[in-house]
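Numbering (this note's numbering), first residue to last: 5 to 339. C-beta: ideal position from N, C-alpha, C; glycine also.
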Amino acid sequence: MSAIILAILGFGLLIIVHESGHFFVAKFFGIEADEFSIGMGPQIIGKQIGRTEFSLRALPIGAFVLFADPEDEANLEANPFVNAAPIKRLLIALAGPLANFSLALILLILLAFFSGIASNQPIVGALMPGGVAEASGLMAGDRIVKIEGHSIDTWSDITTYVAPAAEQKLIVEIERKGENLTFLLTPALNDENRGVIGIASSVEKYSFLGSFSAGIGEAFGMLKEVVLGLRLLFNKEALGQLIGPIGIVSITGQMARSGLADFNWFLAFLSINLGVFNLVPIPALDGGRIILVLLEMIRGKKLNEKVEGIISTLSFVLIFGLIILVSFRDILKLY
């Protein structure tokens, strides 16, 4: 139970950081928010501080910063956010994703310094007891140099050749203390229908200065993986792999049980996911707002506010519906 609570708090932290990015950059430009809300749906509690009402809502599936109430047409024209220069609104929209990227970078730098980061070198760091690799004679410290004649330069290369070869014999060449050895391994089939041989990469700890370059490198690696994974949004078959807030909390809870280092790494990965997802050019997301502001800057005049509002509302309903659908599927998987 404590792991699930930690997971909920961790996921909540990512959302709060994201919305705080919007909130504080707007405040820097002298633009006050009408509301800063954690959660969606009916309000549970709220407190007015200055012009902004800080509130907690019933459904823990998101958060928002409200700068202008579209229903309040009487005061809409006088709203400082609506009348702010396009460049200011552009920077406010970018601030949320950038806050998530910054948090991920900080988490990864701390991880590199205090716990270490999994190396991408093809060196066996640990073996799963009773796993294929251990049974075949591989040892910690072995460097995998070839699989089926293919040169192995990174840890990712190992996955490339092992994952699709479940229950198929593979010739694996390794280097051990300057000596080259050859093994015949048959990857086992895991729950995700992928081949595995029961090995984990080595973990490298870094100096204070070295942790910065290691953290930056890991962050860019995550960013590349997440951006490439955006195809899931446009692939009918891959949509089945999407998970919602409930699934995310469940996985985060599992990582919390694995230890603080794994939990910290996964939070960084989630933070980058959240930042990238919000840059998708859908009107209800930051990416959509950025596109609309850029169009306004190109045209030299604002878009029709009613049309923009209708588009944003429809896209929000679509996203909210997708979250509900995916969350329902997550519940079915759990039970």
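Going by DSSP, which residues form a beta bridge with residue i?
i	result
Ile-53	Thr-56
Glu-208	Ile-121
Val-1	Past the edges of the chain, shown from 5 to 339, lies residue 1, and the structure says nothing about it.
Val-358	Examination of residue 358 is not possible in this model, given that the chain is present from 5 through 339 alone.
Between which two residues does the alpha helix (DSSP H) carrying residue i extend?
i	result
Glu-229	212-232
Val-297	290-303
I need the DSSP call for residue i, collapsed to helix, strand or coil.
i	result
Pro-90	helix
Ser-275	helix
Gln-258	helix
Ile-156	coil
Val-29	helix
Ala-108	helix
Pro-168	helix
Leu-193	strand
Ile-151	strand
Gly-129	strand
Ile-201	coil
Val-280	helix
Gly-66	strand
Asn-268	helix
Phe-40	strand
Gly-313	helix
Pro-101	helix
Ile-286	coil
Ile-323	helix
Gly-14	helix
Ile-48	strand
Could you pull out every residue in the same chain whose Cβ sits closer than 6 Å to the Cβ of residue i, ignoring the five residues on either side in sequence?
i	result
Ile-295	Pro-285
Ile-323	Ala-288
Asp-266	Met-259
Met-301	Pro-90
Is residue j closer than 9 Å to residue i when the C-beta atoms are compared?
i	j	result
Leu-271	Leu-111	yes
Phe-68	Ile-35	no
Glu-222	Ala-116	yes
Gly-50	Leu-60	yes
Lys-209	Val-176	no
Ser-119	Leu-264	yes
Ile-328	Gly-219	no
Asn-277	Asp-290	no
Leu-307	Leu-299	yes
Leu-174	Glu-196	no
Gly-100	Glu-183	no
For residue i, I'd like the list of residues in its chain whose CB is within less than 8 Å of its CB, leaving aside the five on either flank, ordered along the chain.
i	result
Gly-199	Val-166, Ala-167, Pro-168, Ala-169, Ala-170, Glu-171, Gln-172, Pro-191, Ala-192 and Leu-193
Gln-125	Arg-147, Thr-158, Trp-159, Ser-205 and Ser-206
With residue i as the anchor, note down where its beta strand (DSSP E) starts and where it stops.
i	result
Asn-184	183-189
Glu-179	174-180
Taking 8 Å as the cut-off, is the C-beta of residue i nearer than that to any heavy atom in the ligand ZN?
i	result
Ile-178	This structure lacks the ligand ZN, and indeed carries no ligand of any kind.
Residues in its own chain within less than 7 Å of residue i by CB, not counting five upstream and five downstream?
i	result
Val-27	Contrary to the premise, residue 27 reads as Phe rather than Val in this sequence. Once the five neighbours on either side are set aside, the close Cβ partners of Phe-27 are Ala-37, Phe-40 and Val-69.
Ile-201	Gly-135, Val-136, Ala-137, Val-166, Leu-189 and Pro-191
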